[in-house]
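By our numbering, the letter at position 88 of the sequence shown is numbered 111, and the numbering carries on one by one without gaps. Have a look at the structure below before the remarks.
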Amino acid sequence: MKNFLIKFGFIVALLVLVRPVYGNVSLVVLGDSLSAGYGMSQQQSWVGVLQQRWQQTHPSIELINASISGDTTQGALNRLEGIIKTHQPDAVFVELGGNDGLRGFTPTTIKANLLQIINRLQAENIKVAVSQIRIPPNYGRRYSDMFADIFPDLTTSTDTLLVPFFMEQIALNPELMQNDGIHPNEDAQDDIADIMEPHLLNLLER
24 MKNFLIKFGF
34 IVALLVLVRP
44 VYGNVSLVVL
54 GDSLSAGYGM
64 SQQQSWVGVL
74 QQRWQQTHPS
84 IELINASISG
94 DTTQGALNRL
104 EGIIKTHQPD
114 AVFVELGGND
124 GLRGFTPTTI
134 KANLLQIINR
144 LQAENIKVAV
154 SQIRIPPNYG
164 RRYSDMFADI
174 FPDLTTSTDT
184 LLVPFFMEQI
194 ALNPELMQND
204 GIHPNEDAQD
214 DIADIMEPHL
224 LNLLER
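Here is the structure:
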């Protein structure tokens, strides 16, 4: 009996330590130009880089890029039903709000749209992660702070995963940015994929 308990305890320890094995799951990236690959093909975007990488390392995960350059929270909300119906995702990473902020939309409106997106996904038992988004400080400290607060407030109230804004690690290096100073270039996509991969796997493990 003692030997059995020792062996049983060893097996349980292994199950805790071993990295989770993913079943067949689908993960949708619902974003704007930062994820759509502005100025390049979708295959060259960071999502495309991860798609190719996971074909080798996580073939059971289907990664779908539903991002559109220039999209707003309202635009994504309008097409959400079609995305759910077409892809039937197990998880969604929401990277939205930047275009709303750059157009000066009210934080109340942005937050309300994102909340509707989260609530609709959660109603289908879809796991949700939301990217922190920040806008340039030239929009005024008060507005920039109110905008930045949207994302931790939302994820706390909805029990969703908050993901750090990947551009904060990219934008400081001009060699990784396009001439407009807003969008990452093709050289940055591998770096963004490296930043995002553990967060997306964490979302699937939740």
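Beta carbons are placed, not taken as given, at the ideal position from N, Cα and C, and that holds for glycine.
Straight-line gap, residue i to residue j (C-alpha atoms, nearest Å)
| i | j | result |
| --- | --- | --- |
| Pro112 | Gln145 | 11 Å |
| Gly226 | Gly124 | Here residue 226 turns out to be Leu, not Gly, going by the sequence shown. About 26 Å. |
| Lys30 | Glu85 | With a pLDDT of 47 at Lys30, under the threshold of 50, the modelled position of that residue is not reliable, and the figure given next carries that caveat. Approximately 36 Å, taken between the alpha carbons. |
| Ala194 | Pro159 | 11 Å |
| Val117 | Ile107 | 13 Å |
| Ser92 | Ser64 | 12 Å |
| Ser167 | Glu191 | 15 Å |
| Asp50 | Gly60 | First, the amino acid is wrong: residue 50 is Leu here, not Asp. So the two alpha carbons sit approximately 18 Å from each other. |
| Leu100 | Val70 | 21 Å |
| Asp213 | His206 | 14 Å |
| Gln79 | Pro221 | 16 Å |
| Leu177 | Pro187 | 14 Å |
| Ile87 | Val52 | 6 Å |
| Gln139 | Val151 | 12 Å |
| Ile133 | Gln97 | 8 Å |
| Met200 | Asn208 | 5 Å |
| Leu90 | Trp77 | It should be pointed out that residue 90 corresponds to Ser in this sequence rather than to Leu. Cα to Cα, Ser90 sits roughly 19 Å from Trp77. |
| Leu185 | Phe174 | 7 Å |
| Asn122 | His81 | 32 Å |
Status (buried if at least 16 other CB within 10 Å, exposed otherwise) for residue i
| i | result |
| --- | --- |
| Leu119 | buried |
| Asp210 | exposed |
| Thr95 | buried |
| Gly46 | exposed |
| Asn136 | buried |
| Asn161 | exposed |
| Asp203 | exposed |
| Glu75 | Rather than Glu, the amino acid found at residue 75 in this sequence is Gln. So Gln75 ends up on the exposed side. |
| Thr179 | exposed |
| Thr183 | buried |
Proximity test, Cβ basis, 8 Å: residue i and chain B
| i | result |
| --- | --- |
| Pro175 | As a matter of chain content, chain B is missing from the structure shown, which is built from one protein chain. |
Opening and closing residue of the beta strand (DSSP E) in which residue i lies
| i | result |
| --- | --- |
| Gly54 | 48-54 |
| Asn208 | Neither: Asn208 is in no beta strand (DSSP E) and is coded neither H nor E. |
| Leu73 | Taken as a continuous stretch (DSSP letters only), Leu73 belongs to no beta strand (DSSP E), being part of the alpha helix (DSSP H) at 69-80. |
| Ile87 | 84-88 |
Residue i: first and last residue of the uninterrupted alpha helix (DSSP H) it sits in
| i | result |
| --- | --- |
| Leu199 | From DSSP, Leu199 is part of no alpha helix (DSSP H); its letter is neither H nor E. |
Whole-angstrom C-beta distance between residue j and residue i, which should lie under 8 Å
| i | j | result |
| --- | --- | --- |
| Phe189 | Ile215 | 5 Å |
| Ile218 | Thr181 | Actually they are not in contact, since the Cβ atoms of Ile218 and Thr181 sit about 23 Å apart, beyond 8 Å. |
Entirely within the stretch 107-190 and at least 4 residues each: give me those alpha helix (DSSP H) ranges in chain order.
121-125, 130-146, 164-181
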